[in-house]
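Read through the structure below, which is laid out as structure tokens, and then see the notes.
Number of protein chains: 2
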Amino acid sequence: MIKNDLFLRALKGETVQRPPVWMMRQAGRYLPEFIALRDKYDFFTRCQTPELAAEITVQPIRRIAPDAAILFSDILVIPQAMGIDVEMKPNFGPYLPNPIRTIQDVEKVIVPDVHETLGYVFDAIKLTKEMLNDEVPLIGFAGSPWTIMCYAVEGQGSKSFDKAKGFCFSHPEAAHVLLQKITDTTILYLKEKVKSGVDAVQIFDSWGGMLSPVDYQEFSWKYINQIIEALADDAPVIVFGKGCWFALGEMGKSRASALGVDWTCSPRNARYLSGGNITLQGNFDPSRLLSPIPVIKKMVHEMIDEFGKDKYIVNLGHGILPNIPVDHAKAFIDAVKEYNQ
Amino acid sequence: MIKNDLFLRALKGETVQRPPVWMMRQAGRYLPEFIALRDKYDFFTRCQTPELAAEITVQPIRRIAPDAAILFSDILVIPQAMGIDVEMKPNFGPYLPNPIRTIQDVEKVIVPDVHETLGYVFDAIKLTKEMLNDEVPLIGFAGSPWTIMCYAVEGQGSKSFDKAKGFCFSHPEAAHVLLQKITDTTILYLKEKVKSGVDAVQIFDSWGGMLSPVDYQEFSWKYINQIIEALADDAPVIVFGKGCWFALGEMGKSRASALGVDWTCSPRNARYLSGGNITLQGNFDPSRLLSPIPVIKKMVHEMIDEFGKDKYIVNLGHGILPNIPVDHAKAFIDAVKEYNQ
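What follows is the structure, given as structure tokens:
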């Protein structure tokens, strides 16, 4: 039994005294203790060493005490496990030296044995669960197939992922073969994450908002929904589609337990578009954590008032930024705990 | 009298046989004749030499024959005229070596005499009008104050303009002083563009979609609306806010003649959100021009069916991409002309 089960209760839609709170990228570059580890170990060493991944995961629990932990990892461990080279370049971000550009490239991509290729993630989960000692739940995550494909085709981050989109629109059959392989791998991966101990999973569709509503259905949602269907009996599934306000209606009808929303979607719009029944998660603008602390606290309370305290998980609308002062991050968490008191 | 007045009639909401069509960035890098000039003259030489700007403006009219021309220029001529250094680095984009970061920086920014600093734009308009010979209307444009401020503070392009947003949220008074100076300059600039001969103006709010609906009202829409109010009696004003679906309701109540929408907003959503009465412009995904030509033509016809042929200007949902084959761009224009025949 998890001692602080606010997050799991909100996912079930139960009535709570106050909503739970966590922050996307809460284990990250705004924390001095994270920077100390980053300076000693490179990116994939941190991901692939269970002791490091677990330590990084619990750092924010100690420092700012959110109501859930999220396993430190990266969405790009999946393409890496599928045989696609992935590098993480300092001051540049992900770099995939051999991007997918043809059907022949797609055919070479494998659906791996996740125990062989991603065992370090499952070990990190087991270790993290021990360290958390059932204080708060642990979230596992994966990128959406579309978002993973964006990197696999583009070869790096991008403002608009035009190469990835061009690949879909000029070679749709090849794109669908690749998307299905990523989906199959992701399902195996997330099922094993749940078996290893995560209490919920989140799918990050970071680049779904680059697609039109019609293309989103074809190239992103169709595959996300396969993952939801495969996982829904195992653990609660949260779907966060950045910029995907236009798909909230479809998402709200799925078996997902909660939907993440970004800050461009007002609480009222988010409730309306998602059908009004599903738990929502979000949506504080990460840049707004640069406001003075009293402004942050006031805005958090207004946000809870607008979403309503039930069927709601307080979060940012995207990952926390590296330049946020730790006391501002803590003020965000504290503001939620002070709600209703 | 403009011979092809479809575009102006759509801006007035008149009934038309078919909607007009033009493309954002139609004078640009997908055209071989543009590339030939780009290889000879650097960016600001092209902007600041009326003969070159006029020639580039009419290139797409000759090649693919859209229903309107848009003056070749750049939104960053405004901060440049205000005393902020702006460079255009090849393979990098805009670079502002002395970005605005303090109230002292803001105080140094001037509202210039636009005749002195931007006379080359007005000369280019007069020359272009002669070259167009009243065949099609000419559009002039400016960036929104918020979008200009994004570059002035960030110092370069960005995925999320976190520095610019951080400046607003930590120094809101300074941000508002700067936004008002940009607004004042833009009004003087656009009024003089109209006097020089442009038949309509478009305001590009390229980065408005980075803001929450509440922050959008405070840091972007308030200033765009000042520009609309100042210009509405002089010429039709089109507002294109990329990612600003959440503000279409407010925009639809303004004195703007048309609203641009991007491809994440379905025609049905766009009509609903904007109130159903105002002319809309958009919203073909630029990457979709990489689809085979028959697919492009089919999608364009479906798009017109969904928006309706009246109170509608066919366009892309953002600028055309450099890698679009010219015959695909032409197919987009031709598809509109073939509609209803």
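Protein chains in written order, with the numbering used here: chain V, 294 to 634; chain X, 294 to 634.
Ideal Cβ positions, reconstructed from N, Cα and C, are used throughout, including at glycine.
Rounded separation between residue i and residue j - CA only
i, j, result
"residue 444 (chain X)", "residue 462 (chain X)", "16 Å"
"residue 481 (chain X)", "residue 582 (chain X)", "37 Å"
"residue 423 (chain V)", "residue 344 (chain V)", "11 Å"
"residue 329 (chain X)", "residue 413 (chain X)", "22 Å"
"residue 592 (chain V)", "residue 617 (chain X)", "44 Å"
"residue 587 (chain X)", "residue 623 (chain X)", "12 Å"
"residue 523 (chain V)", "residue 367 (chain V)", "21 Å"
"residue 453 (chain X)", "residue 322 (chain X)", "25 Å"
"residue 546 (chain V)", "residue 567 (chain V)", "8 Å"
"residue 521 (chain X)", "residue 317 (chain X)", "20 Å"
"residue 335 (chain V)", "residue 326 (chain V)", "15 Å"
"residue 608 (chain V)", "residue 307 (chain V)", "18 Å"
"residue 590 (chain V)", "residue 584 (chain V)", "10 Å"
"residue 337 (chain V)", "residue 383 (chain V)", "12 Å"
"residue 356 (chain X)", "residue 446 (chain X)", "38 Å"
"residue 549 (chain V)", "residue 519 (chain V)", "11 Å"
"residue 396 (chain X)", "residue 471 (chain X)", "9 Å"
"residue 563 (chain X)", "residue 600 (chain X)", "9 Å"
"residue 627 (chain X)", "residue 633 (chain X)", "12 Å"
"residue 515 (chain X)", "residue 340 (chain V)", "45 Å"
"residue 411 (chain V)", "residue 615 (chain V)", "28 Å"
"residue 297 (chain V)", "residue 598 (chain V)", "22 Å"
"residue 569 (chain X)", "residue 561 (chain V)", "21 Å"
Minimum C-alpha distance to residue i - residue among the options
i, options, result
"residue 526 (chain X)", "X:488, X:538, X:502", "X:488"
"residue 635 (chain V)", "V:380, V:322, V:427, V:329", "Any question about residue 635 (chain V) goes unanswered here, given that chain V covers just 294 to 634."
"residue 439 (chain X)", "X:399, X:390, X:499", "X:499"
"residue 364 (chain X)", "X:378, X:396, X:320", "X:320"
"residue 479 (chain X)", "X:505, X:448, X:374, X:538", "X:374"
"residue 465 (chain V)", "V:409, V:430, V:394, V:518", "V:394"
"residue 431 (chain V)", "V:332, V:418, V:441", "V:418"
"residue 455 (chain V)", "V:501, V:351, V:346", "V:501"
"residue 613 (chain X)", "V:535, V:506, V:553, V:459", "V:459"
"residue 630 (chain V)", "V:309, V:562, V:475", "V:309"
"residue 511 (chain V)", "V:615, V:477, V:473", "V:473"
"residue 534 (chain V)", "V:574, V:569, V:565", "V:574"
"residue 556 (chain X)", "V:538, V:544, V:561", "V:538"
"residue 346 (chain X)", "X:354, X:420, X:297", "X:420"
"residue 611 (chain V)", "X:381, X:504, X:561", "X:504"
Chain X contact residues for residue i, given Cβ-Cβ distances below 7 Å
i, result
"residue 583 (chain V)", "459, 462, 463"
"residue 580 (chain V)", "455, 458, 459, 462"
Chain-ordered chain V contacts of residue i [CB-CB under 7 Å]
i, result
"residue 392 (chain X)", "Those within 7 Å of residue 392 (chain X) in chain V number zero; the least Cβ separation is about 15 Å."
Sub-8 Å separation of residue i and residue j beta-carbons
i, j, result
"residue 540 (chain X)", "residue 571 (chain X)", "no"
"residue 433 (chain X)", "residue 369 (chain X)", "no"
"residue 577 (chain X)", "residue 596 (chain X)", "yes"
"residue 492 (chain V)", "residue 295 (chain V)", "yes"
"residue 387 (chain V)", "residue 379 (chain V)", "yes"
"residue 602 (chain X)", "residue 312 (chain X)", "yes"
"residue 436 (chain V)", "residue 497 (chain V)", "yes"
"residue 441 (chain V)", "residue 371 (chain V)", "yes"
"residue 348 (chain V)", "residue 415 (chain V)", "no"
"residue 580 (chain X)", "residue 506 (chain V)", "no"
"residue 605 (chain V)", "residue 358 (chain V)", "no"
"residue 494 (chain V)", "residue 530 (chain V)", "yes"
"residue 392 (chain V)", "residue 448 (chain V)", "yes"
"residue 351 (chain X)", "residue 301 (chain X)", "no"
"residue 402 (chain V)", "residue 376 (chain V)", "yes"
"residue 324 (chain V)", "residue 619 (chain V)", "yes"
"residue 354 (chain X)", "residue 429 (chain X)", "yes"
CB contact check: residue i to chain V, cutoff 8 Å
i, result
"residue 506 (chain X)", "yes"
"residue 452 (chain X)", "yes"
Residue i: contacting residues in chain V (beta-carbon distance under 9 Å)
i, result
"residue 562 (chain X)", "506, 539"
"residue 536 (chain X)", "502, 536, 557"
Test: residue i CB closer than 8 Å to a CB of chain X
i, result
"residue 558 (chain V)", "yes"
"residue 614 (chain V)", "yes"
Proximal chain V residues relative to residue i, where beta-carbon distance stays under 8 Å
i, result
"residue 513 (chain X)", "Per Cβ cutoff of 8 Å: no residues; residue 513 (chain X) is ~12 Å from chain V at best."
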